[in-house]
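To start, the structure itself, in structure tokens.
2 protein chains.
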Amino acid sequence: MSGTLELITLINQSQPLTDPKVKAAALAGVMDYFSSSLQAKDEIQVQQLLNWIEQEGGHNHFWLIGQNQKATTRQAALFNGFQAHLLDYDDVHAEVRGHPSAVILSALFSSIAQEQTDISGERFLSAYVIGIEVMARLALAVGSEHYVKGWHNTSTLGGIAATAAICYLHQYDFMSQALAVAATQASGLRLLFGTSIKPLHAGMAAQNAIQAVEWVKAGLSAECDFLDPKSGFLAVYGKDKAKLNLSHWGESWKIVSPGLWFKTYPYCSAASYVADAALVLASTIDVSDIRSIDIIFSPQGDEALIYTKPELEEQGRFSAEYITALFLLNKQVSFADFKPVKVRSDVADLMKKIHRRNGVSTGRRFVCIEVTKQNGQVISYQVNQPKGSPENPYTQQEMFAKLEQALNDKHKAEQFYHILQQLPDNSVSHFVQQVAELI
Amino acid sequence: MSGTLELITLINQSQPLTDPKVKAAALAGVMDYFSSSLQAKDEIQVQQLLNWIEQEGGHNHFWLIGQNQKATTRQAALFNGFQAHLLDYDDVHAEVRGHPSAVILSALFSSIAQEQTDISGERFLSAYVIGIEVMARLALAVGSEHYVKGWHNTSTLGGIAATAAICYLHQYDFMSQALAVAATQASGLRLLFGTSIKPLHAGMAAQNAIQAVEWVKAGLSAECDFLDPKSGFLAVYGKDKAKLNLSHWGESWKIVSPGLWFKTYPYCSAASYVADAALVLASTIDVSDIRSIDIIFSPQGDEALIYTKPELEEQGRFSAEYITALFLLNKQVSFADFKPVKVRSDVADLMKKIHRRNGVSTGRRFVCIEVTKQNGQVISYQVNQPKGSPENPYTQQEMFAKLEQALNDKHKAEQFYHILQQLPDNSVSHFVQQVAELI
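Quick mapping for you: the protein sequence lines, in order, are chains A and B.
Residue 1 is where the first sequence starts when you use our numbering, and the numbers rise one by one after that.
Residue 1001 is where the second sequence starts when you use our numbering, and the numbers rise one by one after that.
Shown next as structure tokens:
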């Protein structure tokens, strides 16, 4: 098998939590997952998906986070993935070029409902770390061509990564077959960015992982190599002769290096470069004094920002123009600025003055905004490391504030934090029970 | 919108059943769908999927064909698609390069469970015809490169086609959004051929269509153009600048021309050329007298036959070598020859003498088998139009015999045939009820 056996062997031998940095990163990821999910729990789209689940029915296997309701493992994976990613408020990983935790944690949590044996929090966190590792290495293997072509990595790679994580968690001996079933379900187009289906991609990927594992467990055969060089996952979804690089496995972990990128804003991380620059410029520029605005991206830096003229606010999550105009007009943005309604006319007017162009490659990502005033004067600001990125992270206080806002209760946030710190020494089902009771 | 609006307009204006040939073809397709599905109803893999559905639970919306059981619309679409395609015994369409009816009919039948209004059999059959039309035209648009790259058309194109069919059936005004949600779920790799997941691809595609329609109906937005030239379905899954050709829509229908290709054998239609040639040669050749065998394919004619040295019988459905050896040794093949067990040693030995090569293109598909005897004498036989293909169709009697075998009861087969003939003038839910009671 072309790398698959080696991958599975490496996964099954892994004990990533022996490194305290890895443990801390995994706990931070779980905390942010709950913050992002709970912030979204009252959104209209959440209710729409809940109604659909109600209409399906099914056994009550696992908790729908923040809802007083349980659902099947498959539905819970779908729902929890969706809710965690709904506001585009959940973590990002630069090498993954997508959102790992919404998929992997949603799938992992659901998977525990189908097993009688108690799983330790330490093994659960390890499985999460491994999921991110697989997802990032798959992303590096398919290369940026995959994303540029139009695939949404969160979805196409997330299902496979989550399947690997689940199989590690429960020590399933059918990981090779499950990976093939996950690969044959891989889908998700960037075309859907700016619609309610984009966050559902995270749920779909988590659902695919649950289906992959459960179908194989039910007895359906999938004896083939998901990394087959001729017609396997990388051959079909990747560039020509794409290969999975497994070197230096376990020497450092992708969850630490380059690390997770957290957000306190509900738009695409690619727009956070734009946002940080626009925020600085907003304090010095009067909108009526603007003749034109140029946004200069490092090459392919705006690939995710597919809307240059968004008509709906929710499309604005993926629009450099919308975010820039919003900051210049309002000096801030909030959740209320990204609803499925028409863009305000003053924002639409200002967007018309904005143009994008590609800058010269410096070997790393940047965005520079150049504002030309009516008198011809040019003011510019460049961002290389936006707030929240691993090189410029939020403080623990800021991440706690995100949790507190999501729970809307400081005491509950403190209790959640306390419960979370005990997870490595506890069983994961006990952790889930405690959290469900708290929220 | 790049063709999408035109496509939807054409679909909604279509009344294909005014042509009696179309009506007859649609009825033949429905009959073969039930024959193929019922033949598989007692297979071990069917029980495995039933167990999984049992474990999920859910409301009883629609019948699992041939089982004394109902399930949710999503589960029923998944299950019925799987069962219809399980033995690779269901219809094929040359332009689709896959199995349209297992996907489209499974999705269409399930969809009626969610609507209160009665749907006429005529409209149901029309929706089926339209589904095949969309699937074939999408297949022509993505081109043979799509299949050759490793995609399984049945799955990648089936979900979108079935979504179009459902939206036509119920006159939904959200077809554009539903098509985008179907497109972003499109998946399925030929890598899985020869495993139990290959037939599940048909179920997955039917499930995707149900999900696409139900999610949009639940309120989730998907305002985008699934044929977007930059990042839409054809741009990502097709060759460069792939375009959907809508000319001559409704002048003839793909279900009639080139028409459905029916099977009375449980292996890939690409192997049926091989099988027909091997059967002829089997009557004149003694296996002990064979020195070597050459199978000559028209260019790319063996793309679906991915196993040259199958280890398991079920992989043999996609092996020219297995089918040839089987016919030469046994003079016939049966369902019992394609179980998930090791290939018999005498078959494995004979397969070692078989080699493939590509012949010179004649502009149409063919297979020629050349047997070289121990004394050097060469005997060959070429097949251009295998039995069951639209140019060499089975008789009505032969198709009835398939139904009778599946039902294992001549009287029931006659009754089914009678009920089916009334479908165009009946409601489809009445038809389903009658069939369920009969079986």
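Where is the CB? At the ideal position from N, CA and C, for every residue including glycine.
By how many angstroms is the C-alpha of Phe400 of chain A removed from the C-alpha of Tyr417 of chain A? 8 Å
Shortest alpha-carbon distance to Trp253 of chain A belongs to which of A:Ala107, A:Glu133 and A:Ser288? A:Glu133
Kindly indicate the opening and closing residues of the alpha helix (DSSP H) around Asn426 of chain A. No alpha helix (DSSP H) contains Asn426 of chain A, which DSSP labels as neither H nor E.
Check the Cβ-Cβ distances between Thr1163 of chain B and every residue of chain A, and say whether any is below 8 Å. No, its Cβ sits nowhere closer than 8 Å to a Cβ of chain A.
So, Ile1379 of chain B versus Ile1439 of chain B, is the Cβ gap smaller than 8 Å? no
Using a threshold of 7 Å, is the CB atom of Ile285 of chain A nearer than that to any non-hydrogen atom of the ligand PLP? Among the ligands in the structure shown, none appear at all, so the ligand PLP cannot be discussed.
Rounded straight-line distance, which links the Cα of Ser35 of chain A to that of Asp88 of chain A: Straight-line measurement puts the Cα of Ser35 of chain A at about 12 Å from the Cα of Asp88 of chain A.
Tell me which residue opens and which closes the beta strand (DSSP E) that Gln1415 of chain B is part of. Where Gln1415 of chain B is concerned, there is no enclosing beta strand (DSSP E), although the alpha helix (DSSP H) it sits in stretches over Lys1410 to Gln1422.
Rounded to the nearest angstrom, what separates Val1333 of chain B and Asp1276 of chain B at their Cα positions? Taking the straight line from one Cα to the other gives about 11 Å.
Counting contacts by CB-CB distance shorter than 8 Å, is Gln1185 of chain B in contact with chain A? yes
State the start and end residues of the unbroken alpha helix (DSSP H) segment that holds Ser345 of chain A. Ser345 to Met351
Note the first and the last residue of the continuous beta strand (DSSP E) segment covering Thr372 of chain A. Run containing Thr372 of chain A: Val367 to Lys373, per the beta strand (DSSP E) assignment.
Am I right that Leu1460 of chain B and Gly1098 of chain B are in contact with their C-beta atoms under 8 Å? What's the rounded C-beta distance? Outside the shown range of chain B, which is 1001 to 1439, sits residue 1460 of chain B, and nothing can be said about it.
Output, in sequence order along the chain, the residues in the region 1328–1340 of chain B whose CB is closer than 7 Å to any CB in chain A. Pro1340
Round the Cβ separation of Ser126 of chain A and Ser14 of chain A to the nearest angstrom and send it over; I've been treating them as touching at under 8 Å. 7 Å
Under 6 Å Cβ to Cβ from Thr1372 of chain B, same chain only, skipping five residues before and after it: list those, please. If the five residues before and after Thr1372 of chain B are omitted, its C-beta is found closer than 6 Å to the C-beta atoms of Arg1291, Ser1292 and Val1378, all from its own chain and listed in chain order.
Determine contact between the region 1242–1257 of chain B and the region 1333–1347 of chain B, defined as no fewer than three beta-carbon pairs at a distance below 8 Å. no
Take the Cβ of Glu115 of chain A as the centre, count every other Cβ of all protein chains shown within 10 Å, and call the residue buried at 16 or more, exposed below. exposed
Whole-angstrom C-beta distance between Gly1301 of chain B and Tyr1307 of chain B, which should lie under 8 Å: Wrong, their Cβ atoms sit about 15 Å apart, outside the cutoff.
Using a Cβ-Cβ cutoff of less than 7 Å, which residues in the same chain neighbour Ala180 of chain A once the five nearest sequence positions on both sides are dropped? Ala222, Cys224 and Phe226
From the DSSP output, read off the bridge partner residues of Gly1098 of chain B. B:His1093
CA-CA distance, Ser283 of chain A and Gln75 of chain A? 46 Å
For the structure I just gave you, are there three or more beta carbon pairs, one from the region 32–49 of chain A and one from the region 1061–1071 of chain B, closer than 8 Å? no
Pull the bridge partners of Lys1070 of chain B from the DSSP assignment, please. B:Trp1063
Using a threshold of 8 Å, state whether the C-beta atoms of Ala1206 of chain B and Ala1077 of chain B are closer than that. The answer is yes: Cβ separation under 8 Å.
With distances taken Cα to Cα, identify the nearest neighbour of Pro266 of chain A among A:Ala336, A:Thr4 and A:Ile295. A:Ala336
His1430 of chain B by DSSP, collapsed to three states: which one? helix
Can you tell me which of the three DSSP states Lys342 of chain A falls into? strand
By Cβ distance, which residues of its chain are closer than 8 Å to Leu246 of chain A, with the 5 residues on each side in sequence left out? Correct list, in chain order: Gly3, Glu6, Leu7, Leu10 and Arg137.
Per-residue contacts from Trp1063 of chain B into chain A (C-beta, under 7 Å): Per Cβ cutoff of 7 Å: no residues; Trp1063 of chain B is ~16 Å from chain A at best.
Cross-chain neighbours of Lys373 of chain A in chain B, by beta carbon under 9 Å: Neighbours of Lys373 of chain A on chain B: none; closest Cβ ~34 Å, over 9 Å.
Name the residues in the region 185–212 of chain A whose C-beta lies less than 8 Å from a C-beta of chain B; which are they? Gln185, Ala186, Ser187, Gly188, Leu189, Arg190, Leu191, Leu192, Gly194, Thr195, Ser196, Ile197, Leu200, His201 and Met204
Hey, would you say Ser272 of chain A sits closer than 8 Å to Gly359 of chain A, going by beta carbons? no
Starting from the C-beta of Thr264 of chain A, find all residues in its chain whose C-beta is less than 6 Å away, skip the five residues before and the five after it, and write them out in chain order. Cβ within range, chain order: Lys402.
Going along the chain, which residues of the region 375–400 of chain A sit with their C-beta nearer than 8 Å to a C-beta in chain B? none
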